[in-house]
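Single-structure report; data block below.
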Amino acid sequence: MTRSAGDGAPPQGPPKALPKGRSRRNFAGARPVMDDVARLAGVSKQTVSRVLNDNPSVRPETREAVRTAMRTLGYRPSRSARSLASGRTRMLGVISFDAARFGPASILTAINTAAQEAGYLVSSIALDTADRATVVRAVDTLSAEGADGVIAIAPQRWVGRALAEAQLDTPLMVLENDLGKDASFVTADNRAGARKATEHLLALGHATVWHIAGPTGWLSADRRVEAWRATLEAAGAEIPEPLIGDWSADSGYELGRRLAARPEVTAIFASNDQMALGLLRALYEAGRRVPDDVSVVGYDDIPEAAHLLPPLTTVRTDFPEIGTRSLRLLLSQLDGPPEPAVGRVVPVELIVRRSTGPAPGR
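For my numbering, count along the sequence shown from 1 and bump the result up by 16.
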């Protein structure tokens, strides 16, 4: 059976020369289009589309002829052309909550960077509340814009419930939450991070470790509390009542003033670096030296952590890896046949600096 050039057969001869008087930008003074490329390469428009979408049925010599024509014309494929050819918009949606915080902001930046490298645009919606109706409305908005898939940065339990109840048709990737068997997710290993922080302080000889926790209902905060408590219990140490903050330096300062007034407190694990920052100020104002009198561990390893006085021991969360991995997993779902939901847990690392030291008297 014979095939035409439009079926992937090689064009007859090299790409045609540009007509006299026509610029290399285009044939008619406007931006070159796919028809121009097809005419110059001596192939059909469908073949140009196959080359743009890396269709393996196109012969190497045909592919090279089309690419030569594109270079000659200065042709740049439009996003709409790719969409028509592939049935996709090459746009992804992101729903985020509390996006101003360091973690979510870092994840969103990584998603944008990875999406751009993969040839996708990102449309983001930041929500203050996440009841089912709000979540459905956000996803409907992204779907109306043509989002091929949605990533939800959903650190609170109630956000996860809203997403699960929404029963979305759009491919979904969830961060910092596990909606069960129907949705893939990526999260940091919060339990391991809290365990490492607590074990580090116990190994320095502290009788127990006090904890300034994040707000109840945030999965990262809840998992860190659970692991902190379990580590103390396994070590046979006293388990103090955790103090509940709101992730802010202000709450760390106010709770830190209460802890600073208690001489038996010699080791404190704060559930994020911002609260640890407020805690350091409270200890300084109370005349409690760090780490001579009190050792402090934070969480997240914000860029400023290494420049505090003293430099802060903390648990490093690889937020860029979380964002990048979530983007890749979503694209793999879009590019391949439907697969069961998958979960990925990103490891964390304890970064030891000078805010921790041996217990007083050791």
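Using N, Cα and C, we set each Cβ at its ideal position, and we do this for glycine too.
Quiz item: In whole angstroms, what separates the C-alpha of ARG344 from that of VAL166?
Solution: 12 Å
Self-check item: PRO363 versus ALA126: straight-line alpha-carbon distance, rounded
Solution: 17 Å
Quiz item: For ARG360, which of helix, strand or coil comes out of DSSP?
Solution: strand
Quiz item: What are the start and end residues of the beta strand (DSSP E) that includes TRP226?
Solution: Boundaries of the beta strand (DSSP E) around TRP226: 226–229.
Practice problem: Just the C-alpha distance for ILE141 and ARG305, rounded to the nearest angstrom, thanks. | Solution: 44 Å
Quiz item: Enumerated in chain order, which unbroken segments of the beta strand (DSSP E) with a length of 3 residues or greater are wholly contained in the segment 305–353?
Solution: 311–316, 329–333
Practice problem: Could you tell me which uninterrupted beta strand (DSSP E) segments, each at least 3 residues in length, are contained entirely in the segment 104–139, listed from first to last along the chain? | Solution: 107–113
Quiz item: So PRO381 packs on SER371, CB below 8 Å; how close in whole Å?
Solution: Because the chain spans 17 through 378 in this model, residue 381 falls outside it and cannot be assessed.
Practice problem: Could you tell me the distance, in whole angstroms, from the CA atom of PHE201 to the CA atom of VAL361? | Solution: 8 Å
Quiz prompt | Residues that ILE169 bridges to, as DSSP identifies them | solution = SER112, LEU191
Exercise. Look up ALA223 in the DSSP assignment and say whether it is helix, strand or coil.
Key: coil
Practice problem: Give me the Cα-Cα distance between ALA277 and PHE113, rounded to the nearest whole angstrom. | Solution: 35 Å
Quiz item: Exposed or buried, which one is VAL397 when buried takes at least 16 other CB atoms within 10 Å?
Solution: Any property of residue 397 remains undetermined from this structure, which presents the chain solely from 17 to 378.
Practice problem: Could you work out which residue in ALA54, GLU192, THR214 is closest to ALA253 when comparing CA atoms only? | Solution: THR214
Quiz prompt | Cβ distance (whole Å) where LEU293 is taken to contact LEU324 below 8 Å | solution = 7 Å
Quiz item: If you draw a straight line from the alpha carbon of THR129 to that of GLY221, how long is it in whole angstroms?
Solution: Going from the Cα of THR129 to the Cα of GLY221 covers about 44 Å.
Quiz item: How many Å lie between ASN288 and LEU124 at the Cα?
Solution: 19 Å
Quiz item: Exposed or buried, which one is SER267 when buried takes at least 16 other CB atoms within 10 Å?
Solution: buried
Quiz item: Quick one: what does DSSP say GLU215 is sitting in, helix, strand or coil?
Solution: helix
Practice problem: Just confirm the distance between the C-beta atoms of GLY230 and ALA163, as a whole number of angstroms; I'd bet it's less than 8 Å. | Solution: 30 Å between Cβ atoms; not a contact.
Practice problem: Note down, in chain order, each residue of its chain lying with its Cβ closer than 7 Å to the Cβ of PHE118, except the 5 sequence neighbours on either side. | Solution: ASP316, ILE318
Exercise. Compare the Cα-Cα distances from ALA134 to each of ARG378, ALA375, ASP351 and report the closest residue.
Key: Ranking the options by Cα distance to ALA134, first place goes to ASP351.
Exercise. On the DSSP bridge assignment, give the partners of LEU143 in chain order.
Key: PHE113
Quiz prompt | Contacts around LYS32, its chain only, beta-carbon distance under 7 Å, and the 5 residues preceding and following it disregarded | solution = Its pLDDT being 46, under 50, LYS32 is placed unreliably in this model, and the coordinates cannot settle the point.
Quiz item: Run through DSSP, which three-state label would GLU257 get?
Solution: coil
Quiz item: If you draw a straight line from the alpha carbon of TYR91 to that of SER73, how long is it in whole angstroms?
Solution: 22 Å
Self-check item: ASN71 - DSSP class collapsed to helix/strand/coil
Solution: coil
Quiz item: With 16 other CB atoms within 10 Å as the buried threshold, where does ASP52 fall?
Solution: buried
Quiz item: Quick one: is GLU192 buried, meaning 16 or more other Cβ sit within 10 Å of its Cβ, or exposed?
Solution: buried
Quiz item: Which residues in the same chain as THR417 place their Cβ atom closer than 8 Å to its Cβ, once the five residues preceding and following it in sequence are excluded?
Solution: No statement about residue 417 is possible, as the shown extent of the chain runs from 17 to 378 and does not include it.
Exercise. Out of LEU366, ALA375, TRP174, GLY373, state which residue places its alpha-carbon closest to the alpha-carbon of ASP205.
Key: Among LEU366, ALA375, TRP174, GLY373, the Cα nearest to that of ASP205 belongs to LEU366.
Practice problem: Quick one: residues in its chain with C-beta nearer than 6 Å to the C-beta of VAL310, no 5 flanking neighbours on either side, listed in chain order? | Solution: So the list reads THR282, LEU299, ARG304, once near-sequence residues are dropped.
Quiz prompt | Integer-rounded CB distance, given that LEU275 should sit under 8 Å from ALA286 | solution = At roughly 10 Å, the Cβ-Cβ gap does not stay under 8 Å, so ALA286 and LEU275 are not in contact.
Quiz item: Does the separation of the CB atoms of ALA154 and LEU143 fall below 8 Å?
Solution: yes
Quiz item: Of the choices ILE111, ALA219, ARG378, whose alpha-carbon is the least far from that of LEU188?
Solution: ILE111
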